[in-house]
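For reference, the structure discussed in these notes is given below.
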Amino acid sequence: MNTRLVKVLPAMVALLVAAAGSARAEGELLYKCGGDLGLVVETHPENSSGNFHGTFSAPLVPDGKGAWVNPGRELQFWPEGDGPKLFVGVEEFSCEPVTDEPGMNAGAEPTDPSLQPTADLEMAPYGSTRGWEVVSLNAGSEFVGCAGSISLPAGFLILQKKTYGWELRVPAEQTEGFEGGIITLDGRRVDAQFGFTAEGAGEAGLDDRFVAALRNGKLLTTQIKGAKPVKWPLTGSAAVVTKIEECFSRKGLLP
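Quick note, the sequence shown lines up with residues -25 to -1, 1 to 230 if you use mature numbering (1 follows the signal peptide of the UniProt record, and there is no 0).
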């Protein structure tokens, strides 16, 4: 299993789980698999279609024997039997259905505050450094993370650290779903998976090694599949990473 999975997928599952209530209202069944890996399976029994979301996204179809499959991608999902199970190649993952809590309306806020979209969280000023504004992210009284933003010619560039890891947030034309892309830091290219939010932003998970390199970065380029590359000249990136980590370690409490 690609170790980058641990960093990339929580950001993706956050977007899917946050929409679980409204999705179920439309007949969709949503499952979270692999624990903290955050693999996601969605099925639509009424029209015999489904999807898998992981380091890649792929369609699933029922095989008539109780499983949802994609032979080309070596995917099998078994919703019944000894608990929901997902097979990716030879690896097996336990799954659990994502459901509304009793007494909640479909589309209500998810019970795990870290899974709420960033735009729905309360933001409290924490500090500023080298042109970046740093805020803490909270869901009511619960601390969720910290974010730093800077206004650049291409729009707002946001770096955020939540309880499940680091994310990069950039403007996007899409308002839902997922798409692959590339993030380039001073010539070093890495594959990325962007999840889109209703307000038109794309969020991609970052691993700790990339964030460490970001401290000394000069030019960041993001390119979502089907769109032109966007260049983000970096100023004060080391300072903002340090400030975000300080904010996170203090759970947003001012020094």
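Backbone N, C-alpha and C define an ideal beta-carbon position, used for all residues, glycine too.
In chain order, Phe171 place their CB closer than 6 Å to the CB of Glu151, counting only its own chain and leaving out the 5 sequence neighbours on each side.
For the 8 Å CB-CB criterion, Lys203 and Leu194 do not form a contact. The beta-bridge partner set that DSSP reports for Cys222 is empty. At least 8 Å separates the beta-carbon of Leu134 from that of Ala179. Taking C-beta atoms as the reference points, Gly9 and Phe68 count as a pair closer than 8 Å.
Setting aside the 5 residues that flank it on each side, Gly211 is surrounded in the same chain by Thr104, Arg105, Gly106, Trp107, each with a C-beta closer than 7 Å to its C-beta; the list follows chain order.
Taking C-alpha positions only, Leu4 is separated from Ser32 by approximately 17 Å. DSSP assignment within the segment 158 to 208 yields the following whole beta strand (DSSP E) runs of 3 residues or more, N-terminal first: 163 to 172, 176 to 181, 194 to 199, 205 to 208.
Buried is the label assigned to Val44, since at least 16 other Cβ atoms lie within 10 Å of its Cβ. Around the Cβ of Gly39, a 10 Å sphere holds fewer than 16 other Cβ atoms; the residue is exposed.
DSSP lists no bridge partner for Leu228. Rounded to whole angstroms, the Cβ separation of Gly156 and Thr197 is 7 Å, and the two are in contact under 8 Å. With a 10 Å radius around the Cβ and a threshold of 16 neighbouring Cβ atoms, Asn191 comes out exposed.
Beyond the five residues adjoining it in sequence on each side, Val145 comes within less than 6 Å, by CB distance, of Gly177, Thr197 in the same chain, given in chain order. As far as DSSP is concerned, Ser116 takes part in no beta bridge.
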